[in-house]
């Protein structure tokens, strides 16, 4: 079982030494996966612990005045680290204290004292420390002094371009889920716990399971054909979903993911649910009342059924 720590200071987390990956790892796309695989294999070869150093909130979100979309939540990221074979994750709190730490201190306190680094693997453009003062050259220089190797992971290319989180976010924002899947190495999924809503969907004939995203900002908004996984199950149950601020009913400040599962009868409250986005149907829009909204929901359901290979009957019509 992977262990999780949050603090810069404390006892050494890798007494037999470590091979580590360092980065933000938003989305754990194929580039990240290749890096973690390299770390795991090198750790096995050297008899060390494979570990990962990451940051929450994401550094780019900490420095941004505007909400920054992200591809995965913290829980999804940690599950991905565990699935990649990491023995320990040091998930540092990205705050003013950490941003004020000189790059040299970060190397000594985190990489050496906390994790007993033998090899440190990063992307070639990795920057760290106060005012982004640390780079690959500094890692190499300090590694020679302190006894670890600094290694740059070559970028993973797909269709002639580098796999990156920004590239994935752009594809998702454009509704190009099929294009994003090869870069992620899996379909795009949002998961969370089903919570109570205001029961309006049930009143309109389309009961929904609701996931409150709270502070998480996603790169997608609108109405979608989806497949849903319940608990630890695969995403196989077809449905239609809305992700947004519900402009017709009541505008909310935090996005809400509402999912109507086709031909489902059961209680989902309190369960974990994973929602795989298959295709975007349309943007979110405001209607003049509930009846036009209900009519559009029937059309959305029919189109979603067609896209998912189901009987395109007008559910609830």
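Numbering (the numbering used here), first residue to last: 340 to 656.
From the three backbone atoms N, C-alpha and C, an ideal C-beta is built for every residue, glycine too.
For residue i, the nearest candidate out of the options (CA to CA)
{"i": "residue 608", "options": "547, 579, 356", "result": "547"}
{"i": "residue 385", "options": "632, 414, 417, 456", "result": "456"}
{"i": "residue 413", "options": "630, 571, 552", "result": "552"}
{"i": "residue 458", "options": "584, 549, 378", "result": "378"}
{"i": "residue 583", "options": "634, 616, 477, 622", "result": "622"}
{"i": "residue 446", "options": "463, 423, 472", "result": "472"}
{"i": "residue 543", "options": "404, 631, 363", "result": "631"}
Euclidean distance between Cα positions of residue i and residue j
{"i": "residue 486", "j": "residue 452", "result": "12 Å"}
{"i": "residue 410", "j": "residue 508", "result": "7 Å"}
{"i": "residue 599", "j": "residue 482", "result": "54 Å"}
{"i": "residue 564", "j": "residue 647", "result": "7 Å"}
{"i": "residue 388", "j": "residue 488", "result": "15 Å"}
{"i": "residue 443", "j": "residue 597", "result": "47 Å"}
{"i": "residue 571", "j": "residue 395", "result": "25 Å"}
{"i": "residue 436", "j": "residue 585", "result": "38 Å"}
{"i": "residue 383", "j": "residue 514", "result": "40 Å"}
Beta-carbon proximity list for residue i, same chain, < 6 Å, skipping 5 on both sides
{"i": "residue 349", "result": "none"}
{"i": "residue 429", "result": "344, 392"}
{"i": "residue 653", "result": "Because the pLDDT of residue 653 is 42, which lies under 50, any placement of that residue in the model is unreliable, and the question is left without a value."}
{"i": "residue 400", "result": "407"}
{"i": "residue 554", "result": "none"}
{"i": "residue 562", "result": "581, 620, 621, 639"}
{"i": "residue 423", "result": "375"}
{"i": "residue 510", "result": "518, 519"}
{"i": "residue 618", "result": "564, 646"}
{"i": "residue 512", "result": "558"}
Distance between beta carbons of residue j and residue i, contact taken as under 8 Å
{"i": "residue 475", "j": "residue 465", "result": "7 Å"}
{"i": "residue 352", "j": "residue 416", "result": "So it is not a contact: roughly 18 Å between Cβ atoms."}
{"i": "residue 390", "j": "residue 425", "result": "6 Å"}
{"i": "residue 365", "j": "residue 504", "result": "5 Å"}
Contacts around residue i, its chain only, beta-carbon distance under 8 Å, and the 5 residues preceding and following it disregarded
{"i": "residue 560", "result": "582, 583, 594, 622, 623"}
Contact set for residue i: own chain, Cβ-Cβ below 7 Å, skip 5 residues either direction
{"i": "residue 477", "result": "442"}
For the 8 Å Cβ check, are there 3 or more pairs between the region 521-538 and the region 611-625? yes
Three or more beta-carbon pairs under 8 Å between the region 484-501 and the region 364-378, yes or no? yes
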